[in-house]
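*Asks:* Let me give you the structure first, and then I'll get to my questions.
There are 2 protein chains.
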Amino acid sequence: MSAPPRRDLAAMIVPLGRALTAAELPVLREHGLTMWAYSVLLRLDERPLRSQAALADAIGADKTRIIDVLSDLGDRGLISRTPDPADRRVRLLALTPQGRRVRDAAQAAIQLREERLLARHLTPAQRTALLDALQVLDALPAEAVSDPEP
Amino acid sequence: MSAPPRRDLAAMIVPLGRALTAAELPVLREHGLTMWAYSVLLRLDERPLRSQAALADAIGADKTRIIDVLSDLGDRGLISRTPDPADRRVRLLALTPQGRRVRDAAQAAIQLREERLLARHLTPAQRTALLDALQVLDALPAEAVSDPEP
DNA sequence: GCAGACGATAAGCACATGCGTACAAATCTG
DNA sequence: CAGATTTGTACGCATGTGCTTATCGTCTGC
Chain A
1 MSAPPRRDLA
11 AMIVPLGRAL
21 TAAELPVLRE
31 HGLTMWAYSV
41 LLRLDERPLR
51 SQAALADAIG
61 ADKTRIIDVL
71 SDLGDRGLIS
81 RTPDPADRRV
91 RLLALTPQGR
101 RVRDAAQAAI
111 QLREERLLAR
121 HLTPAQRTAL
131 LDALQVLDAL
141 PAEAVSDPEP
Chain B
1 MSAPPRRDLA
11 AMIVPLGRAL
21 TAAELPVLRE
31 HGLTMWAYSV
41 LLRLDERPLR
51 SQAALADAIG
61 ADKTRIIDVL
71 SDLGDRGLIS
81 RTPDPADRRV
91 RLLALTPQGR
101 RVRDAAQAAI
111 QLREERLLAR
121 HLTPAQRTAL
131 LDALQVLDAL
141 PAEAVSDPEP
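Heads up: the sequence lines are chains A and B, in that order. Numbering-wise, full-length UniProt numbering puts 1 at position 1 of the first sequence, and it's gapless, one number per residue. Numbering-wise, full-length UniProt numbering puts 43 at position 43 of the second sequence, and it's gapless, one number per residue.
Structure representation (structure tokens):
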């Protein structure tokens, strides 16, 4: 059993993520979004969220950092931030119809680029295999990746 | 042609990369390496490199930042940094035998964890498909990812 | 009702990183 | 030979981000 001469997973994935991020940035700017703002829109689209702390945690951001992002998105009418009637400390976060439109447009443009990239370099079978495997690993809690107990 | 309800590639890959990186750090620390130092060892192992600027570029670092890393690795005898006899401005960089030992030990530990993770959550077919696809995308120049001309 | 807990916000410190400048040593060019 | 170029190095500045603390309004358990 000789060690397969392959590169580390992280050594392949991290630069790939950097390149994909770099490719996204101009597209997002065209839609008037930063990466953080886009993350927020994506996350809020799944379902409305109680509390900004939960949102920050969900997108891996610092809770004190997304305040400006949320204020900006709120000012521009892309998200609503209403106090919870049941507990007025927390703010209920949700996409507005306009926020959903912006999100959809940005994501469509991004996934179009991604699909072009995959189609150009991978076979259809490889494409689905990659996406399937990624979705499995993506669904894992972070601890499962960081700490695989033997 | 309805949009497939999948997450963005980058939205899956970047957090995965973060988790893998977080998993690597303790292992690297056990071997007395930082992430940058490990990147240097990995890159130098492929073949000796002319000039530090080329190295910095190869691992995506700032050329003024890796100086301390290289000095430290040199002090600890893991790499050699000899002036090129043909052009004494440049320093020829290479792994020492001890540097190779450290690199091999660290990489073995890291890939062991990675393989455990993959084996636990993916089928063998998925595992190879993922690695194949990643190696294809990893071999692309960054421009091919960032700017897929139609 | 009141003391402590909790959410949102703001302000500060710390650190890593990127970018530009500057400079010395060595090399190349006219 | 003189000036321009290149490599490695050091330093300062700006930025982005995380982490901590403080404040204010609100809620919950006693």
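Using N, Cα and C, we set each Cβ at its ideal position, and we do this for glycine too. Computed from a prediction, not measured in an experiment: that's the story for all the values here.
Check whether the Cβ atoms of residue 139 of chain A and residue 126 of chain B lie closer than 7 Å to each other.
*Replies:* With respect to residue 126 of chain B, residue 139 of chain A sits apart: the two C-beta atoms are not nearer than 7 Å.
*Asks:* Could you tell me which chain A residues have their CB closer than 8 Å to the CB of residue 180 of chain B, listed as they occur along the chain?
*Replies:* Only positions 1 to 150 of chain B appear in the structure, and residue 180 of chain B is not among them; the question remains open.
*Asks:* Mind pulling the alpha helix (DSSP H) runs of 4 or more residues that sit fully within the UniProt domain "HTH marR-type" (6-139) of chain B?
*Replies:* 9-30, 35-46, 52-58, 66-75, 97-121 and 124-139
*Asks:* Residues of chain A with CB closer than 8 Å to the CB of residue 134 of chain B, please, in chain order.
*Replies:* Neighbours of residue 134 of chain B across chain A, judged by C-beta separation under 8 Å: 9, 12, 13, 16 and 130.
*Asks:* Classify residue 99 of chain A as buried or exposed, calling it buried when 16 or more other Cβ atoms lie within 10 Å of its own Cβ.
*Replies:* buried
*Asks:* Report yes or no: is there a C-beta of chain B within less than 7 Å of the C-beta of residue 46 of chain A?
*Replies:* No - not a single Cβ of chain B is within 7 Å of the one on residue 46 of chain A.
*Asks:* Note down, in chain order, every chain A residue with its Cβ under 7 Å from the Cβ of residue 98 of chain B.
*Replies:* Correct list: empty, because the minimum Cβ distance to chain A is about 19 Å.
*Asks:* What's the C-alpha gap between residue 82 of chain B and residue 19 of chain B?
*Replies:* 37 Å
*Asks:* What number of angstroms, rounded off, separates the C-alpha of residue 131 of chain A from the C-alpha of residue 112 of chain A?
*Replies:* 15 Å
*Asks:* Of all the CB atoms in chain B, is at least one closer than 7 Å to the CB of residue 55 of chain A?
*Replies:* no
*Asks:* Under the assumption that residue 122 of chain A contacts residue 13 of chain B (Cβ atoms under 8 Å), give the Cβ distance between them as a whole number of angstroms.
*Replies:* Contact doesn't hold; Cβ gap of about 14 Å is too wide.
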